[in-house]
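In the numbering used here, the protein residues as written are 855 to 1386. Think of the CB as a built atom: it goes at the ideal place given N, C-alpha and C, for glycine as much as any other residue. Quick caveat, the model's predicted, so the values are computed rather than measured. So the structure is just underneath, and the comments pick up after that.
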């Protein structure tokens, strides 16, 4: 749900397709119909922004039809009565006109999920990148707990991460409100533990998220910034605001492997090494810690990230002496109970280990939540969700919805893939996908220029007909700097997760426009031109 695995997680998509061939029922739920729908038992192409309506209707059905796992709810959870009361107003018959899925289809899918020997939920950024993203996730969690579809092989909740080490970075504390292992910054016990471990005084207040940092920089409250392996001049919402914020900084340092759009705004650029040019670990969505081994020497003046950070620390007067990623890993083991049992030597021998692995010699645990949840009581907590509309709805002036995302050929902001001549030849130009009937209504045809405009900006872009894009919506990948989708997006945040609403804002689309600039770092050369 809320994902396009064929484009964004193609290896995982292959496993899904193979599972359907073995008889597994695949339910694919997303406002956009993609290639994976061909393999689905049921395709739920719900209306954009109606996730909670659809999921609460499934919750209603499971309660009404007596499909709740009463023993699991009684022994392992809390707050079910509040969820049950909230669900009373979300019958499939009431929600069908809202989400666009027939009531009987909702009931059929809910029954299949609840009664299966093992049901698994996989979700992507389409769940989280909304003002109600946290509520979307709460509904999915409720479905898993109320049916007992969690804590056993073949069950559970699996976020399809946006990058190869999002899980590992989050685990190690690269979230402004938590220390490593998701221990709250404002928790006194956790705070004391990390002050002792690191031998320094730490701030007791959670930090700012990316959008909040840009707001503070724009207002002059932040005057300097150090950006490492990130391209906010392309990836942040409302790019005019974000780029303006960085332009106001007194000093900007960017550390990256290429001169990205963000690096062009920098006062100092620190050239870093790429993945094959250094040792280190990544952790995937299955909590598998994997060792990456250096295979190539770094080009030119590029240095490993760790070397750069340690050298900066020394110049700031810190006595950091990390000479190898192994030493950082050993410190991470002190900070994170979940990986304490995973030694560097074991990673070198086995290449990968799944956590939690709290003691050396433990095999690692691929299934979590078998006996308890990581809460004070050990119980999973139900949190009811109501329908919260998007911050910006279509109206007469901006009658369509913008959905942003990625393509198979170009990853994230295109900083790497658009430098690949082969990939750039396959997808050389900025494109916007619209339903064929919407294109007809505009008087445009595939390949024509159209202009997409929001309250924050506009882009001219080439039109592509796509019957999988819902009527009244336009899909734009955010990798094209010559027609940057995030010039249009709304920076409003989910109040809980602080994630921007990349998946929904109001736009208008018109035929015609100015031709975008040079198409990509590879200049859009054909394969014939590249390879003769």
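Hey, out of the options, whose CA is closest to residue i's CA?
i	options	result
residue 985	1053, 1262, 1239 and 1136	1239
residue 1219	1206, 939, 1231 and 1230	1206
residue 1156	1068, 1112, 1367 and 856	1112
residue 1204	1131, 1292, 1143 and 964	1143
residue 1019	1304, 1140 and 1055	1140
residue 903	1265, 1245 and 1304	1245
residue 1338	1298, 1089 and 1234	1089
residue 1073	1082, 1054, 1081 and 1095	1095
residue 1055	1042, 1028, 1065 and 1063	1042
residue 1015	1269, 978, 912 and 1036	978
residue 1276	912, 1267, 1284 and 1263	1263
residue 1278	938, 1334 and 882	1334
residue 1388	1201, 1191, 1116 and 1227	Here the chain comprises residues numbered 855 to 1386, so residue 1388 is not present and cannot be evaluated.
residue 1213	1194, 1221, 1222 and 1201	1194
residue 1265	962, 1017 and 941	1017
Are the beta-carbon atoms belonging to residue i and residue j less than 7 Å from one another?
i	j	result
residue 1327	residue 1280	no
residue 1306	residue 1319	no
residue 1076	residue 1124	no
residue 1197	residue 1025	no
residue 923	residue 1005	no
residue 1346	residue 1252	no
residue 856	residue 981	yes
residue 952	residue 907	yes
residue 1027	residue 1351	no
residue 878	residue 896	no
residue 1108	residue 1081	yes
residue 1268	residue 888	no
residue 1308	residue 1367	no
residue 1354	residue 1091	yes
residue 933	residue 1310	no
residue 1296	residue 1230	no
Residues in its own chain within less than 7 Å of residue i by CB, not counting five upstream and five downstream?
i	result
residue 871	893
residue 1147	1133
residue 1101	1119
residue 1051	1188 and 1189
residue 1179	1133, 1134 and 1160
residue 955	898, 900 and 908
residue 968	916, 921 and 1001
residue 865	none
residue 1030	1060, 1061, 1062 and 1063
Excluding sequence positions up to five away, which residues of its chain have a Cβ less than 8 Å from the Cβ of residue i?
i	result
residue 867	859, 860 and 890
residue 1385	Confidence at residue 1385 is low in this model, with a pLDDT of 40, below 50, so its placement is unreliable and the value that follows should be read with caution. The answer is none, since no qualifying residue turns up.
residue 1221	1005, 1006, 1007 and 1010
residue 1186	1026, 1034 and 1193
residue 1012	974, 975, 976, 977, 1139 and 1140
Starting from residue i, trace the beta strand (DSSP E) both ways and give me its first and last residue.
i	result
residue 1329	1327–1331
residue 1251	No beta strand (DSSP E) contains residue 1251, which DSSP labels as neither H nor E.
residue 1287	1285–1288
residue 1209	Where residue 1209 is concerned, there is no enclosing beta strand (DSSP E), given that its DSSP letter is neither H nor E.
residue 1275	Premise fails: residue 1275 lies in the alpha helix (DSSP H), 1275–1280, not in any beta strand (DSSP E).
residue 1144	1142–1146
residue 883	881–883
residue 1347	1344–1347
Is DSSP giving residue i helix, strand or coil here?
i	result
residue 857	coil
residue 1118	helix
residue 1004	coil
residue 1089	helix
residue 1109	strand
residue 1056	coil
residue 1359	strand
residue 1315	strand
residue 977	strand
residue 1245	coil
residue 1307	strand
residue 899	coil
residue 1126	strand
residue 1100	helix
residue 1237	coil
Which same chain residues, not among the five before or five after residue i, have their C-beta less than 6 Å away from its C-beta?
i	result
residue 1174	1164 and 1167
residue 945	914
residue 1389	Residue numbering for the chain in the displayed model covers 855 to 1386; residue 1389 lies beyond these limits and cannot be assessed.
residue 1152	1127 and 1131
residue 1409	An answer regarding residue 1409 cannot be provided, because it is not within the stretch 855 to 1386 covered by the chain.
What are the start and end residues of the alpha helix (DSSP H) that includes residue i?
i	result
residue 952	946–953
residue 1024	1020–1025
residue 1076	From DSSP, residue 1076 is part of no alpha helix (DSSP H); its letter is neither H nor E.
residue 927	924–930
residue 1166	1159–1169
residue 874	864–875
Would you say the beta carbon of residue i comes nearer than 6 Å to a heavy atom of the ligand GDP?
i	result
residue 1005	Because no ligand of any kind appears in the structure shown, any question about the ligand GDP cannot be addressed here.
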